[in-house]
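The block underneath contains the structure these notes are about, expressed in structure tokens.
Quick look at the structure:
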């Protein structure tokens, strides 16, 4: 059972970076989910999928995995590319695609 160590992406519904500063350790699914034929629910007998731990640094997460003897894989976060724009840029005179009403 392999563990994933990663930094979660920010929520797409919000502009802030809340809860995306910590490193997470969770386990890859060992068995696929199955659909219950009677109710149609999806279920799994893999209880490790419910375990999700957070760490302040990547080194702490790696140290925990090594101490517990858990094979792990580290996924480095992609850098956030933010454009700096303002509301007044929508109404600039030299704007491409003039705003008309």
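In UniProt numbering, the protein residues as written are 1 to 101.
Glycine included, C-beta positions come from ideal geometry on N, C-alpha and C.
A quick note: this is a predicted structure, and the numbers were derived from the prediction, not measured.
Taken in chain order, the complete alpha helix (DSSP H) segments of 4 residues or longer contained in the segment 11–83 are 58–68. For residue 3, the enclosing beta strand (DSSP E) begins and ends at 3–6. In chain order, 33, 34 and 36 place their CB closer than 7 Å to the CB of residue 43, counting only its own chain and leaving out the 5 sequence neighbours on each side. Residue state for residue 88 is assigned as helix, using DSSP reduced to three classes.
Sequence-distant partners of residue 48 (beyond 5 residues in either direction) whose C-beta falls short of 7 Å from its own C-beta, in its chain, are 1, 27 and 30.
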